[in-house]
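*Asks:* With this note's numbering, letter number 143 in the sequence shown gets 143, and the count goes up by one each step, no holes. Backbone N, C-alpha and C define an ideal beta-carbon position, used for all residues, glycine too. Bear in mind that the values here come from a model prediction, so they are computed numbers and not experimental data. Dumping the structure here so I can ask a few things about it.
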Amino acid sequence: MQIVSSIEELRSIIKWWRGEGHSIGLVPTMGYLHEGHKSLIVKAVSENDRVVVSDFVNPTQFGPNEDLSSYPRDLSRDAALCEEAGADVVFHPEPEEMYDKGNCTFVDMDSLTKGLCGKTRPTHFRGVCTVVSKLFHIVTPDRAYFGQKDAQQLAVVRRMVRDLNFGISIVGCPIVREEDGLAMSSRNTYLSPKEREAALVLHKSLEIAEGMAKSGEQDAGKLISAIVKSIKSEPLARIDYVELVDAETLEPVKAVKAPILAAIAVYIGKTRLIDNFSFCPEAQ
Ligand code: PAF
1 MQIVSSIEEL RSIIKWWRGE GHSIGLVPTM GYLHEGHKSL IVKAVSENDR
51 VVVSDFVNPT QFGPNEDLSS YPRDLSRDAA LCEEAGADVV FHPEPEEMYD
101 KGNCTFVDMD SLTKGLCGKT RPTHFRGVCT VVSKLFHIVT PDRAYFGQKD
151 AQQLAVVRRM VRDLNFGISI VGCPIVREED GLAMSSRNTY LSPKEREAAL
201 VLHKSLEIAE GMAKSGEQDA GKLISAIVKS IKSEPLARID YVELVDAETL
251 EPVKAVKAPI LAAIAVYIGK TRLIDNFSFC PEAQ
């Protein structure tokens, strides 16, 4: 496995692979990899001849008061995980390599990015769309792999690929959880032991609502209230949002009649965590 930091070098590897007739999978990440990322890489390895994992803390998706400088980084640990999972290249560019001096071109979207996380992170998805587009242009993958934990990001990337005719298959992969239910996230590392315990309320509250939906409850208001009540029972938790939206358009729904996404963002102390479940009434 190679660690590559220059776009030019990566492009020459891709050219070589294409010459050999290889299919290529891309797993975009911001590093500090965990089992959730590993599951994406393992899936990519099983579906493609060659796999690139990008490991880049993308500055343009962080707001001015967010955790860009403190975001955890550990390239040697990441490289070991990628190698074990079977990746061929880890792409680890410096910010100056990805964003040339004077860079002023961004990829943005009219809808899908304004609600949910977009409310408190208004420039976040512009940064995500921009960096993912750049990675797509550099790697030209056949398939790209994203986790369902970032459900809004997955919907946004799917829409962008359709709208801009990237011709890349976007593969959404299930949320990977710790044994006690906490969704894996690089930001879990910010939690103190007490906060780590409190963070379990995210999954617990979603489980309550999912159970209600499975038992036939269709009233979105009742499902939201159940989630809110459960989160409020945890003193260290502060709600950013709790929403039930259409799974594709991400528009809020009043009733569960088509595939929906129940998505939440909750501060545990200073750490903002997200989680969700998808539900399809027709599948019941
Ligand atoms: O999900 C992430 O880690 C990032 O948002 C992504 C897709 C790698 C873009 O920087």
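Going by DSSP, name the residue or residues bridged to residue 4.
*Replies:* 91, per the DSSP bridge assignment.
*Asks:* Mind checking whether residue 246 and residue 264 have CB atoms under 7 Å apart?
*Replies:* It is not a contact, given that the beta carbons lie outside the stated cut-off.
*Asks:* State the beta-bridge partners of residue 268 as determined by DSSP.
*Replies:* The partner list for residue 268 (beta bridge, DSSP) reads 237, 271.
*Asks:* Going by DSSP in three states, residue 210 sits in which element: helix, strand or coil?
*Replies:* Note: residue 210 maps to helix in three-state DSSP.
*Asks:* Nearest-angstrom Cα distance between residue 143 and residue 156?
*Replies:* Answer to the nearest angstrom: the Cα atoms are 16 Å apart.
*Asks:* Measure the C-alpha to C-alpha separation of residue 124 and residue 152 and round it to an integer number of angstroms.
*Replies:* When rounded, the distance between both Cα atoms is 11 Å.
*Asks:* Using only the alpha-carbon positions, how far apart do residue 47 and residue 163 sit?
*Replies:* Those two C-alpha atoms are separated by around 25 Å.
*Asks:* Tell me the DSSP secondary structure of residue 141 in three-state form.
*Replies:* Residue 141: coil per DSSP, three-state reduction.
*Asks:* Please output, in chain order, the residues near the ligand PAF using a CB cut-off of less than 6 Å to any non-hydrogen atom of the ligand.
*Replies:* Matched residues: 28, 29, 30, 58, 61, 128, 131, 132, 150, 153.
*Asks:* If we call anything under 7 Å between Cβ atoms a contact, is residue 112 one with residue 250?
*Replies:* Yes, these two residues count as a Cβ contact at 7 Å.
*Asks:* Relative to the C-alpha of residue 186, which residue among 195, 72, 170, 38 is closest?
*Replies:* Answer by Cα proximity: 72.
*Asks:* Please report how far the alpha carbon of residue 18 lies from the alpha carbon of residue 79, in whole angstroms.
*Replies:* So the two alpha carbons sit approximately 24 Å from each other.
*Asks:* Thinking just about the alpha-carbon of each residue, which of 177, 205, 219, 239 is nearest to the one in residue 34?
*Replies:* Taking only the C-alpha atoms, the option nearest residue 34 is 177.
*Asks:* Thinking residue 232 and residue 284 are a contact (beta carbons under 8 Å), I'd like their distance in whole angstroms, please.
*Replies:* Between residue 284 and residue 232 the Cβ distance is about 28 Å, and since that is not below 8 Å, they are no contact.
*Asks:* Check whether the Cβ atoms of residue 158 and residue 63 sit closer than 7 Å, and answer yes or no.
*Replies:* Contact: no.
*Asks:* Based on the DSSP secondary-structure assignment, which residues constitute the bridge partners of residue 172?
*Replies:* Beta-bridge pairing links residue 172 to 146.
*Asks:* Could you check where the beta strand (DSSP E) with residue 55 kicks off and where it finishes?
*Replies:* Where residue 55 is concerned, the enclosing beta strand (DSSP E) stretches over 50-55.
*Asks:* Using beta-carbon positions only, say whether residue 260 and residue 277 come within less than 7 Å of one another.
*Replies:* Not closer than 7 Å, so no.
*Asks:* Among all the DSSP beta bridges, which residues are the ones paired with residue 278?
*Replies:* Per DSSP, 261.
*Asks:* Report the partner residues of residue 151 according to the DSSP bridge assignment.
*Replies:* None; residue 151 has no bridge partner.
*Asks:* Taking the alpha helix (DSSP H) that residue 36 belongs to, which residues open and close that run?
*Replies:* Segment 35-47, the alpha helix (DSSP H) holding residue 36.
*Asks:* Measuring CB atoms only, is the segment 38-55 touching the segment 94-114, in the sense that at least three cross pairs come out at less than 8 Å?
*Replies:* No: the two stretches stay apart, fewer than three of their Cβ pairs being nearer than 8 Å.
*Asks:* Which residue's Cα is closest to the Cα of residue 96: 37, 189, 57, 1?
*Replies:* For residue 96, the nearest C-alpha among the options comes from 57.
*Asks:* Helix or strand or just coil, what does DSSP make of residue 180?
*Replies:* Three-state result, residue 180: coil.
*Asks:* Tell me whether residue 108 sits in a helix, a strand or coil according to DSSP, three-state version.
*Replies:* Coil, per DSSP.
*Asks:* In this structure, does DSSP put residue 60 in helix, strand or coil?
*Replies:* Here residue 60 sits in helix by DSSP.
*Asks:* Using three-state DSSP, classify residue 10 as helix, strand or coil.
*Replies:* Helix at residue 10.
*Asks:* Count the other CB atoms within 10 Å of the CB of residue 92; is the residue buried (16 or more) or exposed (fewer)?
*Replies:* Answer is buried; the Cβ neighbour count reaches 16.
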